[in-house]
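Take a look at the structure set out below.
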Amino acid sequence: MKKLLIAGVALTALIGTPALAADMAAPVYKAPPPVAPPCVWCGWYVGLNVGGAWNANSSAATFGPSTAATDVFFANNEFPTSLSTNPKGVIGGGQIGYNWQASSNFVLGLEADIQGSGYKGTAAATPVPTGGFVPFVTSVEQHSHWFGTVRGRAGFVASPNLLIYGTGGLAYGQTEVSFNTAPTGFACGPGFTCAAASSSTTRAGWTAGGGLEWMIAPHWSLKAEYLYVDLGTQSATSATTTAGPAFGFTASARFRENIARGGVNWHF
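The working numbering numbers the first residue of the sequence shown as 30 and each following residue consecutively.
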């Protein structure tokens with residue numbers, strides 16, 4: 030019995046050894062898990078931009094009475110009722126934003142920017158009055174020194190390195206209007222409707238537009254963008270003139286701007 034047990038163990042060892050050797054000689058390799066492609070349009074970015082702004086109004090500034098007594102001067106064409114200041118200028122500044130790539134072809138984002146602005150326009154007119162009134166030169170100026178926006182962005186990934194997007198949101202900035210009236214050939218003094226006024230405030234409005242952004246190298250992109258910005262109407266009022274407290278004027282200008290700019294972004 031003892032001899033049979035020893036023989037069985039020896040036989041089992043002889044049969045199992047080749048299989049064990051085969052297992053050791055041919056290890057099994059598992060395929061590595063797939064590597065996700067890098068997210069091109071994800072995360073934070075900062076950048077700089079430069080461009081131009083121009084007037085989006087057909088008539089930029091209006092001029093009118095601020096008291097009922099002043100109506101007579103406009104009725105006799107001593108002052109113009111509207112002036113086209115045609116404002117325009119160079120703008121430049123910086124932006125910061127964040128992108129979420131919601132899918133392979135869809136990107137959502139949020140961007141804020143601040144701009145220095147040379148947006149400015151002036152106009153002057155000397156109407157030929159009736160009723161024996163003296164001719165007056167009336168000048169109006171509108172100016173914006175800076176503005177900023179906070180906007181949402183939604184984009185379509187046309188190719189891995191090209192984003193086409195729409196954008197819109199809050200706009201805010203400084204608006205300034207001033208005007209002056211003076212007779213031609215005469216010095217201002219008692220009895221003349223000479224007047225001057227200036228007003229500057231920070232206003233809030235809205236903006237909308239769109240653009241293209243190209244990822245030209247790892248972490249670097251270029252963009253081209255158009256925005257329409259509406260900051261509302263700014264007015265300047267002269268409550269009195271040298272003719273007396275019964276006479277006053279108001280100039281109003283609408284701040285509607287077309288903006289085209291290019292920029293560069295660095296992506297973290």
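Beta carbons: idealized from backbone N, C-alpha and C, even for Gly. These numbers were taken from a predicted model, which means no experiment stands behind them.
DSSP lists Trp235 and Arg285 as the bridge partner or partners of aspartate 259. In the structure shown, threonine 204 falls within a strand segment according to DSSP collapsed to helix, strand and coil.
The beta carbon of phenylalanine 297 sits closer than 7 Å to those of Gly72, Trp73 and Tyr74, all from its chain and outside the five residues before and after it, given in chain order. Exposed is the label assigned to cysteine 68, since fewer than 16 other Cβ atoms lie within 10 Å of its Cβ. Non-local C-beta neighbours of tryptophan 83 in its own chain, meaning closer than 6 Å and more than five positions away in sequence, comprise Lys117 and Asn287, ordered along the chain. For the 8 Å CB-CB criterion, glutamine 203 and serine 173 form a contact. Cβ contact annotation for glycine 261 (same chain, cutoff 6 Å, sequence separation greater than five): Arg232 and Gly234, in chain order. In this structure phenylalanine 92 does not touch phenylalanine 102 by the C-beta definition: roughly 11 Å separates them, more than the 8 Å allowed. Straight-line measurement puts the Cα of phenylalanine 176 at about 33 Å from the Cα of serine 132.
Around alanine 253, the same chain offers Gly240, Leu241 and Gly291 as residues with beta carbons nearer than 6 Å, after the five sequence neighbours per side are excluded. Three or more Cβ pairs closer than 8 Å define a contact, and the segment 215 to 233 meets that threshold against the segment 257 to 272. Its Cα nearest to that of valine 79, the residue Asp142 stands out among Gly277, Asp142 and Thr110.
The Cβ atoms of glycine 277 and threonine 266 lie closer than 8 Å to each other.
Under the 10 Å beta carbon count, phenylalanine 215 is surrounded by fewer than 16 other beta carbons and is classified as exposed. Alanine 98 carries a helical assignment under DSSP once its states are collapsed to helix, strand and coil.
For the 8 Å CB-CB criterion, threonine 213 and cysteine 223 do not form a contact. Taking C-beta separations shorter than 6 Å and ignoring five residues to either side along the sequence, the partners of serine 168 in its chain run Ala153 and Asn209, following chain order. Between glycine 145 and glutamine 171, the CB-CB gap reaches or exceeds 8 Å.
Within the same chain, Cβ atoms closer than 8 Å to the Cβ of isoleucine 245 are found at Asn190 and Leu251, the five residues on either side in sequence being excluded. Contact between proline 219 and threonine 271 holds: their C-beta atoms lie close to 6 Å from each other, under 8 Å.
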